[in-house]
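Written below as structure tokens is the structure these notes are about.
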Amino acid sequence: MKIENLIASIGEAVQDAHKMIEQKYVSNFFDHYFQGKVDEITNKYTYKPKTVEILFENSQDSKVVSAPIAALVQHTNMNLDYVKLNLNINVINESEEEIEITPQDAGGKSDADSRKCGEMEILFKCQDAPEGIARIETCLNSIL
61 MKIENLIASI
71 GEAVQDAHKM
81 IEQKYVSNFF
91 DHYFQGKVDE
101 ITNKYTYKPK
111 TVEILFENSQ
121 DSKVVSAPIA
131 ALVQHTNMNL
141 DYVKLNLNIN
151 VINESEEEIE
161 ITPQDAGGKS
171 DADSRKCGEM
181 EILFKCQDAP
191 EGIARIETCL
201 NSIL
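Residue numbers (the working numbering): 61 to 204.
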């Protein structure tokens, strides 16, 4: 296998896993903190924040505030921060344009001197959390 294909395949698998985690986080966010429905006028699916009524009282007056639940809780999620792979490899073909590798035998040291072998480390690092969720949180917090 060409080393470029190996890195591309692993990178694609990491990106797919990260995408699934983020999609599940967004889905859970809306399922827990919003009520979805089809708007009768526009015929579009919209989300309305789930709220709780909070009574504020003092000695002179009282006020009921409808607070979005999403603004009252801290939002955390599982996230792929980074993926680190250590691979033992044998270089079977090397040129200026490409390197072809195979996995190194687990216990084989018989002809290790006659081939190029070693360890390769690949580190994939993820970016920060989505900006959209932060903006929704800021908007909901401003309602209070």
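The beta carbon of each residue, even a glycine, is placed where N, CA and C say it ideally should be.
Predicted model, so just to flag it, every value in this text is computed and none were measured.
Excluding the 5 residues flanking it on each side, Asn-146 has same chain C-beta neighbours closer than 7 Å at Glu-179, Glu-181, in chain order. Shown here, Thr-136 sits in coil according to DSSP, grouped into three states, outside any helix or strand. According to the DSSP assignment, Met-180 belongs to no alpha helix (DSSP H) but to the beta strand (DSSP E) extending over 176 to 185. In the three-state scheme derived from DSSP, where H, G and I count as helix and E and B as strand, Glu-191 is classed as helix. Take Ile-67, set aside five residues on each side of it, and the residues of its chain with a beta-carbon closer than 8 Å to its own are Ile-182, in chain order. For Ser-126, the beta-bridge partners assigned by DSSP are Glu-113. Here Pro-163 is exposed: its Cβ has fewer than 16 other Cβ atoms, across all protein chains shown, within 10 Å. Remark: fewer than three beta-carbon pairs, one from each stretch, lie closer than 8 Å, so the region 110 to 121 and the region 138 to 153 are not flagged as touching. Ala-130 and Lys-79 have their C-alpha atoms roughly 23 Å apart. Around the Cβ of Tyr-105, a 10 Å sphere holds fewer than 16 other Cβ atoms; the residue is exposed. Measuring C-alpha to C-alpha distances from Val-133 to each of Met-61, Asn-153, Tyr-93, Ser-69 identifies Tyr-93 as the nearest. Cys-177 and Ile-81 have their C-alpha atoms roughly 35 Å apart.
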